[in-house]
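Since the structure comes first, as structure tokens, the remarks are kept for the end.
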Amino acid sequence: MSRPTDFIPFYRPSIDREEEEAVLSVLRSGWLTTGEVTLQFEREFAARAGVDYALAVSSATAGLHLCLEAAGVGEHGKVATTPYTFAATAEVIRYLGADPLFVDIEEDSYNLSPESLEEALRNNPEVAAVIPVHVGGLPCRMDAILRMAAEHDAMVIEDAAHCLPREGQVEAPGSQGALGVYSFYATKPITTGEGGMVVTRDGELARRMSMMRLHGIDRDVWNRYTSRDASWYYEVREPGFKYNLTDLASSLGRVQLRKSERFLQARQRIARMYLEGLAGLDYLRLPQNDPSHSWHLFQIRLVLPRLKLDRDRFVRALMERGIGVSVHFIPLHIMPYYRQTYGLKERDFPVAMQCYRETISLPIYPDLEDEQVQRVIAGIRELGDCHFTRR
Ligand SMILES: Cc1ncc(COP(=O)(O)O)c(C=O)c1O
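Numbers in this note's numbering are just positions in the sequence shown, counted from 1, shifted up by 181.
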């Protein structure tokens, strides 16, 4: 399929001279890997999230892996999570030889259903941790999830890959569980190309993750010896991982974090334009306009009985009209690996399946122009009106 020259991409990062200069200054400093810039980024992020510890990591996937390891999840352990997420959320459970226990989602938010979680925890008392995902940046019902996890002695690790704490926000998504993980992947609310941040208020967990993040090397021993001018000395306490974030990436992250409030306002504005421009259409359901939404994704739902075309054809037709859209998510329980390993069926998670069949994600990023937003709205309305059926 050839793309029109004025194709509206699904996503573009917002990068300008400030990021370029920050990266150049690290390049010229002679220190490219983890160092002072990363430490500053961690301090600034911890202050923003209102937590005691923030650890910069090479990706949110790496961060989730570190969290589960620090939580003591191991061989044959069980971790409850949603099937309505990206591969990363569940694969890290398998890295440790544990098994994901999928729990269905809520119809109107795409997030883990606390009611289904309660039932799953009752039937599986051995669950060691719960990973709720704030899908698209809409916060999960954390009060209920935290209460249920506490009752069952399970640690909550928030997958906040789609979120970013706001200035002065109390109880920001990602900062309420024992552990929370943010992503700085290219399409996320702020980006370092690849990267992530783990946050916690628990010093023991932070210490464990900080050691495992860099080859299982005990930093305390390192620090003791470096202060004695023996910078060559280190001790490996565990076979750890190589999950540190570079100063090059952190320099980008610091600038993006400073701009993040502006980025959010731009996405909120686009969300309002979509909500107004697409209101009142019988063949569409629009997302909740929650003030805590990070609007990483703007997901619309097709009311399929009111349309003469399905989601795949709707997506294709929008692409042909020069509008880049995407689908979040293909549920994990229908992925060959999980289907075959755990004998799962489509019907096991009916809400996730229905959401998947009906959902389309629209472009939403700070550099998207008003005229482009209007073209997206017009494209959807044209297509929907033309294939609308009253049956
Ligand atoms: C819900 C969710 N969790 C985790 C990740 C993994 O993030 P990263 O690419 O930083 O490893 C993603 C990435 O898209 C995601 O969407």
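Every residue, glycine too, gets a C-beta built ideally from N, C-alpha and C.
Q | heavy atom of ligand 1 below 6 Å from residue 222 C-beta | A | Remark: the shortest separation between the CB of residue 222 and any heavy atom of ligand 1 does not fall under 6 Å.
(Q) For residue 310, list the residues DSSP reports as bridge partners. (A) Answer is 260, 336, bridged to residue 310.
(Q) For residue 357, which residues in the same chain have their Cβ closer than 6 Å to its Cβ, ignoring the five residues on either side in sequence? (A) Only 323 meet the Cβ criterion.
Q) How long is the line joining the alpha carbons of residue 274 and residue 490, rounded to whole angstroms? A) Across the structure, residue 274 and residue 490 are spaced so that their CA atoms are roughly 38 Å apart.
Q: May I ask whether a heavy atom of ligand 1 can be found less than 6 Å away from the beta carbon of residue 366?
A: In terms of side-chain proximity, the C-beta atom of residue 366 is found nearer than 6 Å to a non-hydrogen atom of ligand 1.
Q: Grab the span of the alpha helix (DSSP H) containing residue 532 for me, first residue to last.
A: Under the DSSP assignment, residue 532 falls in the alpha helix (DSSP H) whose first and last residues are 531–539.
Q | The beta strand (DSSP E) enclosing residue 381, as first and last residue numbers | A | According to the DSSP assignment, residue 381 belongs to the beta strand (DSSP E) that extends over 377–381.
Q: Closer than 7 Å by C-beta to residue 341: which residues in its own chain qualify, once you throw out the five before and the five after it? Chain order, please.
A: Only 315, 354, 355, 361, 362, 363 meet the Cβ criterion.
Q) What residue range is occupied by the uninterrupted alpha helix (DSSP H) comprising residue 487? A) Per DSSP, residue 487 lies in no alpha helix (DSSP H) segment and is marked neither H nor E.
Q) Once you ignore the five residues that flank residue 444 on each side, which residues in its own chain have a CB closer than 6 Å to its CB? A) So the qualifying residues of the chain are 547.
(Q) For the alpha helix (DSSP H) containing residue 179, name the first residue and the last one. (A) Residue 179 is absent from the model: the chain starts at 182 and stops at 572.
Q. Does DSSP put residue 326 in a helix, a strand or coil?
A. If DSSP states are grouped into helix, strand and coil, residue 326 belongs with the helices.
Q) To the nearest whole angstrom, what separates the beta carbons of residue 301 and residue 284, a pair I think is in contact under 8 Å? A) With 8 Å as the limit, residue 301 and residue 284 qualify as a contact, their Cβ atoms being about 5 Å apart.
Q. If you draw a straight line from the alpha carbon of residue 441 to that of residue 193, how long is it in whole angstroms?
A. Distance between the alpha carbons of residue 441 and residue 193: 15 Å.
Q: Could you please give the first and the last residue of the uninterrupted alpha helix (DSSP H) stretch that includes residue 273?
A: Following the DSSP letters along the chain, one finds residue 273 inside the alpha helix (DSSP H) bounded by residues 268–276.
Q | With 16 other Cβ atoms within 10 Å as the buried cut-off, status of residue 369 | A | Residue 369 comes out buried.
Q: Answer yes or no: do residue 378 and residue 250 have a C-beta to C-beta separation smaller than 7 Å?
A: In this structure, residue 250 does not lie closer than 7 Å to residue 378 by Cβ.
(Q) Looking at ligand 1, does it come within less than 6 Å of residue 314, judged from the CB to the closest heavy atom? (A) Indeed, a heavy atom of ligand 1 lies less than 6 Å from the Cβ.
Q: Just grab the DSSP bridge partners of residue 180 for me.
A: Because the chain in this structure spans residues 182 to 572, residue 180 falls outside the shown range and cannot be described.
(Q) Distance check for residue 461 and residue 487, CA to CA, integer angstroms please. (A) Approximately 13 Å between the Cα atoms of the pair.
Q: Could you tell me whether any non-hydrogen atom of ligand 1 is closer than 6 Å to the CB of residue 226?
A: With a threshold of 6 Å, the Cβ atom of residue 226 does not count as near ligand 1, since no heavy atom of the ligand is closer than that.
Q.
Does the beta-carbon of residue 342, which I'm using as the reference point, lie nearer than 6 Å to any heavy atom of ligand 1?
A. Yes - ligand 1 has a heavy atom lying nearer than 6 Å to the Cβ of residue 342.
Q: Look at residue 264 and residue 474 and say whether their C-beta atoms are less than 7 Å apart.
A: With respect to the 7 Å criterion, residue 264 and residue 474 are not classified as neighbours on the basis of their beta carbons.
Q | Inter-stretch contact (C-beta, 8 Å, three-pair minimum) for the region 281–296 and the region 255–272 | A | Yes, since at least three Cβ pairs between the region 281–296 and the region 255–272 fall closer than 8 Å, the two stretches touch.
Q. When you compare only the Cα positions, how much space is there between residue 496 and residue 466?
A. So the two alpha carbons sit approximately 16 Å from each other.
Q: Output the distance between the C-alpha atoms of residue 562 and residue 459, rounded to the nearest integer angstrom.
A: Taking the straight line from one Cα to the other gives about 7 Å.
Q: Whole angstroms is fine: what's the gap from residue 500's alpha carbon to residue 557's?
A: Answer to the nearest angstrom: the Cα atoms are 10 Å apart.
**Q.** Cβ-based burial, residue 437 [other Cβ within 10 Å; buried from 16]
**A.** Result: buried.
Q. In the DSSP assignment, what residue or residues form a beta bridge with residue 363?
A. Paired residue(s): 378.
Q) If you run the structure through DSSP and keep just helix, strand and coil, what is residue 558? A) DSSP places residue 558 in helix when its eight states are reduced to three.
Q. What first and last residue would you give for the beta strand (DSSP E) that runs through residue 283?
A. For residue 283, the enclosing beta strand (DSSP E) covers residues 280–283.
Q.
Which residues does DSSP list as the beta-bridge partners of residue 305?
A. In the DSSP output, where bridge partners are listed per residue, residue 305 has none listed.
Q. DSSP three-state call for residue 479: helix, strand or coil?
A. Here DSSP, grouped into helix, strand and coil, assigns residue 479 to strand.
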